[in-house]
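These notes are about the structure you will find just below.
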Amino acid sequence: MPATDSATNSIAATLAAFVADTPDDAIPAEVRTRAPHHMLDAVGIALASTRYDFAHKTLTALRGLAGEGPVPVIGMPASLPARDAATVNGLLCHGLDYDDTHIGGVIHPTASVMPAVLSAAAMTGADGRSVVSAYVLGVEVAARLGAVARGGFHQVGFHPTGMIGVFGCALAAGRLLGLTRAQLAAAQGIALSMASGSLEFLEDGAWNKRLHPGWAAAAGITAAALAREGFTGVTRPYEGRFGLFNAYLGKEAGRADLGIATAGLGETWELMATAIKPYPACHFTHACVDAALELRRDGLDLARIRRIEALVPEQVVKTVCEPEANKKRPSNSYDAQFSVPFLVAAALVRGRLTLAELENDALGDAAILDIASKVSYRHDPDSPFPKAYSGELVITLDDGRELRHREHINRGAADRPLSNAEIVDKYRGNAAMTVNETAAARIADAVLGLDASPRAADSLSVLSPSVR
């Protein structure tokens with residue numbers, strides 16, 4: 001049965017009213033405190049991303065199209081027009097696949113919503129409190145819409161961050177642009193025609209996925225701007241006959257739960273269920289990585305390993321376990337970030353999983369590749385996916401003994417969250433790759449103090465090295 005909606009009002013109208021009418025002080029204090037920490041996490045990843053070719057090639061391409069503008073590019077000596085800056089900043093925040101993930105929505109919300117509100121703040125002169133509120137509300141919508149699909153987008157070859165992120169960005173930017181309820185509803189209808197993001201990058205490790213959050217941010221700003229000028233959008237972008245879930249979920253449409261989009265709005269806050277990544281790799285792999293590190297700490301002798309079986313949620317196999325040959329011997333770092341065999345092997349051999357384990361020397365490390373060749377997989381029958389991303393390793397030794405470790409809930413998830421202090425530590429480690437301690441501290445102070453800033457764009461100008 002295709003996804004349908006029995007509510008009198010459309011989902012878009014309900015979400016528009018929520019975003020338009022929620023006052024700043026209705027967002028709980030713990031959420032307002034957590035929000036800048038998620039933003040800081042994304043900024044640290046963006047700073048680290050500036051070390052890589054994909055960052056510089058993207059900046060060069062977009063600056064060549066439209067020149068300079070008022071919005072700073074994080075960690076790079078450039079400012080671009082609003083949509084171009086959102087594209088580059090989104091790419092930087094997601095470039096290392098180290099950014100936050102809403103577990104139920106299987107979506108990276110901050111990498112799209114934060115760049116959208118940074119650009120909108122520069123366009124409007126908004127204060128920091130307004131920017132934090134818009135960010136929280138955009139994340140709320142994106143996370144809920146992602147959760148509606150119940151993991152279905154991955155099953156049919158779409159990347160939810162691209163498909164769903166545009167709607168959260170349209171509403172977040174629209175709030176800062178002062179859109180009415182009707183205009184915010186129209187912005188979502190317009191955004192339907194901009195939703196995109198294929199998983200084909202999994203076949204060859206291409207850079208496409210890095211672009212998805214930035215493209216969603218730019219498209220969301222565009223949708224909001226069009227709606228502000230009276231451009232009309234479809235009224236049922238989510239539940240319509242050719243709406244998002246019926247058109248894009250295909251055979252998975254019958255599993256969609258449209259009630260998730262609006263149930264408990266303003267009562268539960270999905271930012272608090274959004275996981276900060278402890279490792280720079282696909283979140284689906286983290287439980288297996290943690291299992292590998294635990295087994296290593298228990299004194300596992302790698303020379304005695306005969307085979308390793310990884311138990312993973314059935315829904316993520318296509319993403320992190322197939323095609324097997326490519327997963328056991330990744331051709332580049334992006335391939336490696338989506339490979340249970342390689343990441344488990346790297347963790348076992350090196351006793352850690354950092355960005356260093358994704359560099360070329362690690363990709364060619366004979367010890368890692370030997371262990372990776374021994375890794376197979378099967379479906380985890382007890383997985384709570386998508387509520388959490390489980391993982392278990394069963395290691396058979398040369399004498400027939402079996403060692404095993406299970407992580408039922410991945411670290412960083414809502415039931416095992418990283419603390420705010422741990423997030424700041426993660427930021428410092430990423431920032432240290434490109435900026436000195438003084439600059440890193442100034443950036444952290446600006447982001448963590450954003451809620452009290454009288455003009456967000458002025459406070460956040462420190463994100464670009466040209467003004468530090």
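Each residue of the sequence shown is one higher than the one before, counting from 1 in full-length UniProt numbering. Beta carbons: idealized from backbone N, C-alpha and C, even for Gly.
Secondary structure of alanine 338, DSSP reduced to three states: Here residue 338 is phenylalanine; the residue named in the question, alanine, does not match the sequence. Note: phenylalanine 338 maps to coil in three-state DSSP.
Those residues which DSSP pairs with alanine 310 across a bridge: According to DSSP, alanine 310 bridges with Tyr377, Leu393.
CB contact flag (residue 508, threonine 285, <7 Å): Nothing can be reported for residue 508: it is not among the residues displayed for the chain, which extend from 1 to 468.
C-beta contact flag for aspartate 380 and proline 323 at 7 Å: no
Residues of its chain near lysine 251, where Cβ-Cβ distance is below 6 Å and the 5 sequence neighbours each way are ignored: Cβ contact annotation for lysine 251 (same chain, cutoff 6 Å, sequence separation greater than five): none.
Under the three-state DSSP convention, the category leucine 179 falls into: coil
Limits of the alpha helix (DSSP H) - the one that glutamate 402 falls within: It is not in any alpha helix (DSSP H) - glutamate 402 instead sits in the beta strand (DSSP E) that spans 402-407.
Candidates Val19, Val141, Asn410, Arg129, of which the one nearest lysine 277 by Cα: Asn410
For histidine 108, the residue or residues it bridges with in DSSP: According to DSSP, histidine 108 bridges with nothing at all.
Segment contact flag, the stretch 201-208 with the stretch 319-334, C-beta cutoff 8 Å, min 3 pairs: yes
Cutoff 6 Å; reference residue 471; Cβ partners in own chain excluding five residues on either side: Because the chain in this structure spans residues 1 to 468, residue 471 falls outside the shown range and cannot be described.
Distance between phenylalanine 342 and leucine 403 (C-alpha atoms, nearest Å): About 19 Å.
Short Cβ contact (7 Å threshold) for alanine 17 with arginine 181: yes
Every unbroken alpha helix (DSSP H) inside the stretch 56-126 [4 residues or more]: Whole alpha helix (DSSP H) segments, 4+ residues: 82-94, 110-124.
Which of helix, strand or coil DSSP assigns to cysteine 275: The residue you asked about is not cysteine; residue 275 is alanine in the sequence shown. DSSP places alanine 275 in strand when its eight states are reduced to three.
7 Å Cβ shell around glutamate 357 - same chain, five flanking residues per side excluded: Ala346, Arg350
Residue environment, histidine 56, which counts as buried when at least 16 other CB atoms sit within 10 Å: exposed
Under the three-state DSSP convention, the category residue 477 falls into: Residue coverage of the chain in this structure runs from 1 to 468, which leaves residue 477 outside it and unanswerable.
Tyrosine 427 - containing alpha helix (DSSP H), residue span: Going by DSSP, tyrosine 427 is part of the alpha helix (DSSP H) stretching over 420-431.
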